[in-house]
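Protein chains in written order, with my numbering: chain A, 1 to 355; chain B, 1001 to 1288. Notes to accompany the following structure.
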Amino acid sequence: MAKGSSDLSKNEQKLAYRLLIPAFLILIIIAVYPLGQVFYASFTDKEFASSEQTNFIGLENYDKLLSLTIKELPPKINEETGEPIIDEETGKVEYESPIRVLPRKPYLYRPLNEFNIFGNRYVIGSADTDFINSLWNTIIFTVASVFLETLLGLGIALVVNSEFKGRGVMRAVMLVPWAVITVVSARMWEWMFEPSRIGFFNMLFEKFGFSSGNTAFLSMSEYQLPSLIAVDVWKTTPFMALLILAGLQLIPNELYEAAEVDGANKIRQFFTITLPLLKPSLAVALIFRTLDALRVFDVFQVMLAQKRYSMASYNYFQLISARNMGMASAIGVIIFILIFAFAVLYIKMLGVETE
Amino acid sequence: MNKFRENPIRRSLFYLVILIIVIYLLFPFYWALNSSLKSESQLSMTPATFVPRDPQTNEIDFYLTNYEGVFASDKFVRGLFNSLVVATSTTILALTAGSFAAFALGKLRFKGKTPSLYIILAMTMFPQVTVLSGLYAIINALNLGARFSMILTYMLFTLPFTTWVLTAFFRELPIEIMQSAQVDGATPFQTFRLILLPLTAPALVTTGLLSFIAAWNEYLFALTFTTIDPAARTVPVAIQYFSGQFARQEPFGEIMAAAVVVTVPIVVLVLIFQRRIVAGLTAGAVKG
């Protein structure tokens, strides 16, 4: 009998391994092996479809992507008087061109930004300004869109959670933006952002007197990120609202009834009952969206292409247009490390139930 | 819960808020629909109109040629076909491999279960873009064909999710079902195929739908892998490169018509399976 049952459990174990083979095999082929490849290629100067020999270059790709330097910009000196040159029109000191100050070796540094501290002018230089900018764009995009989505999602969830006629219809409506293909929604918004009054936003803003109706939302750098964030917020707020709604429905109604008896008003109820009890669902939704936003590709690629990059769209550009496989791989690894750090945080915060 | 019935002002304010939310969520889609029914000259009217109007007489005037253009476009129709093939195959493959793994993880006892679960959970967060260059190299070296490459690589985001949600579902099924089947002489695999799998049908529908939509939506891999084979372009890539049949400038009328054509079926599907999808989305996020 004892032998029989251990045979049974052995058989069960064997079956389990056999059932896991297809899934793990697929994941090894498409995730583990290419990940190893990407790590390896990131240390080389491999070019795609080229006959050039591939060399091992160590950390050079990473170094080039992440190198930053700060240099002081000296004022231009009038050679005759030895005094700094002052622009006659603006009355400001003229400074040397950043290109002259920034190092050219081992890579050519380009100016990223300039700033003043204590009357001195400094320039930040980067060996790959496009990448540093893409990193910065991605972070701004992530923080702003996740913040707005959470706020709006919470609002919508609270409204839909109360009982009213047409609640079912409302829930259906919430799924519509989620169901639209991201590329399609990007093109729909691209059309609404047209730089003249044939576009919806210019028509609207002109009507209300906010602008002359000729704002080039996707060409002017100050409007590019806000426009993209608007698209993303529209597309993913419903998802956020659904997750928060699921959390809201876990809160027992008795708590509110008790609070009502104790004379707590709605606002107090929100801060003492709803928000604390909603925290776990909110945290999950937040991290989920953050991981997603950090790898944003579709909206950037469709609406801005090479005008402005996210990390993912810069990776795509390096791989397909520049055919720079080593560099693209290094970017992939950096994205991986960034997201992995977030994912570890996520698992830690939740814990995994295995039994 | 709320006592709006007693106060007509608060009640109407509440419905106003609802109305604003509904308009916000639906308006971009309405605008696409509106624009898809305009001719080129109607599209270039300033200011843009909320319904298609005749540029001269200002009377309401629908223009249907954009839809003809969309279906006359070889590239778009082929894109629809490619998307259907890729999304359906992805779903079937993910459900098959996923339900096998989920049965093992949810119902069988074996060594290494906890690490396997951790690996699957970690995989649900795997950033696809990281392995883009590696996959592209493999696909080119092995000459896999763009459609097959997409189906295989879409497992990256459908398989871990499917496995994770189905595992949770299998775990909930009472162990007695398996035991009584075993007493009747069924092997564990027979129990799985004949008894447990039919019981998980609702979860299969949910995860299947979500996999299908995710594959239908995918752009990064589709764009990358079809650079070598434009005939294999799926809908998102086809819409991005849409050049139009009739229009001379960027054919936004036809693009909007294409947008409506690809969105309506998915929206209908989503509305029919509304409850399942919401359940799946929240299960995927809350549990993994």
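Don't be surprised by glycine CBs; every beta carbon is placed ideally from N, CA and C. As the structure is a computational prediction, the values presented were derived from the model and not from experiment.
Quick check on residue i - is its C-beta less than 8 Å from some C-beta in chain B?
| i | result |
| --- | --- |
| A:N214 | no |
| A:M192 | yes |
| A:M174 | yes |
| A:N137 | no |
| A:P22 | yes |
| A:V261 | no |
| A:Y95 | no |
| A:L243 | yes |
| A:R323 | no |
| A:S219 | no |
| A:T142 | no |
| A:R268 | no |
Select from the options the residue whose C-alpha is nearest the C-alpha of residue i.
| i | options | result |
| --- | --- | --- |
| B:Y1067 | B:A1283, B:E1254 and B:L1281 | B:E1254 |
| B:L1210 | B:P1008, B:R1053, B:A1146 and B:Y1154 | B:Y1154 |
| A:A157 | A:L27, A:S281 and A:A293 | A:S281 |
| B:M1178 | B:A1279, B:K1107 and B:V1267 | B:K1107 |
| A:T69 | A:F208, A:I124 and A:Y95 | A:I124 |
| A:P98 | A:S51, A:Q224, A:E149 and A:N113 | A:N113 |
| B:R1276 | B:V1260, B:T1207 and B:L1194 | B:T1207 |
| B:A1279 | A:I244, A:M311, A:N120 and A:E257 | A:I244 |
| A:L304 | A:K266, A:L225, A:A258 and A:D232 | A:L225 |
| B:E1172 | B:Q1128, B:F1103, B:P1008 and B:A1181 | B:F1103 |
| B:Q1240 | B:G1145, B:Q1182, B:A1232 and B:L1223 | B:L1223 |
| A:L286 | A:A144, A:R197 and A:S212 | A:A144 |
| B:F1169 | B:T1065, B:L1196 and B:Q1190 | B:L1196 |
| B:L1033 | B:L1019, B:Y1024 and B:F1050 | B:F1050 |
| B:V1251 | B:N1007, B:S1041 and B:R1010 | With the sequence shown as reference, residue 1251 of chain B is identified as Pro, and Val is not the correct amino acid for it. B:P1251 has its Cα closest to that of B:S1041, out of B:N1007, B:S1041 and B:R1010. |
So is residue i in contact with chain A if we call contact Cβ pairs under 8 Å?
| i | result |
| --- | --- |
| B:Q1179 | no |
| B:V1051 | no |
| B:V1286 | Residue placement at B:V1286 cannot be trusted, given a pLDDT of 49 that sits under 50; what the coordinates show is reported in the next sentence. Yes, B:V1286 lies at the interface with chain A (some Cβ there is under 8 Å from its Cβ). |
| B:R1109 | yes |
| B:N1217 | yes |
| B:P1127 | yes |
| B:M1150 | no |
| B:W1031 | yes |
| B:Q1190 | no |
| B:G1106 | no |
| B:P1236 | yes |
| B:F1014 | yes |
| B:Q1274 | yes |
Measure the alpha-carbon distance for residue i versus residue j and round it to whole angstroms.
| i | j | result |
| --- | --- | --- |
| A:V176 | A:S9 | 48 Å |
| A:G326 | A:T129 | 18 Å |
| A:K105 | A:S67 | 12 Å |
| B:S1089 | B:N1143 | 19 Å |
| A:T54 | B:G1134 | 15 Å |
| A:I251 | A:R171 | 19 Å |
| A:F357 | A:F201 | A question about residue 357 of chain A goes unanswered here, because the residues of chain A that appear run from 1 up to 355. |
| A:A186 | B:P1047 | 22 Å |
| B:L1152 | B:I1092 | 11 Å |
| A:V183 | B:P1236 | 6 Å |
| A:V233 | A:N133 | 22 Å |
| B:A1214 | A:A264 | 44 Å |
| A:L228 | B:A1101 | 39 Å |
| A:G82 | A:A328 | 48 Å |
| B:V1205 | B:R1011 | 38 Å |
Is the Cβ-Cβ distance between residue i and residue j less than 8 Å?
| i | j | result |
| --- | --- | --- |
| A:V296 | A:K235 | no |
| A:K76 | A:Y122 | no |
| A:T272 | A:V146 | no |
| A:V32 | A:V333 | no |
| B:T1234 | B:N1082 | yes |
| B:A1122 | B:V1165 | no |
| B:W1216 | B:I1266 | yes |
| B:V1022 | A:V160 | no |
| A:E190 | A:L218 | yes |
| A:P238 | A:N214 | no |
| A:Y309 | A:N61 | no |
| A:L27 | B:Y1136 | no |
| A:K64 | A:Y107 | yes |
| B:A1094 | B:L1013 | no |
| B:S1044 | B:M1256 | no |
| A:P74 | A:E96 | yes |
| B:T1163 | A:A216 | no |
Inset, instruction - Could I get the ranges of all uninterrupted alpha helix (DSSP H) runs contained in the segment 269 to 326 of chain A, with 4 residues as the minimum, in chain order? - result: Counting whole runs of 4 or more residues, the segment 269 to 326 of chain A contains the alpha helix (DSSP H) stretches 275 to 294, 298 to 303 and 311 to 316.
Inset, instruction - Could you run through the segment 9 to 36 of chain A and flag, in chain order, every residue whose CB is less than 7 Å away from some CB of chain D? - result: In the displayed structure, chain D is absent; the protein chains listed are A and B.
Inset, instruction - Ignoring anything shorter than 3 residues or poking outside the segment 60 to 113 of chain A, list the beta strand (DSSP E) runs there in chain order. - result: Correct list: 68 to 73.
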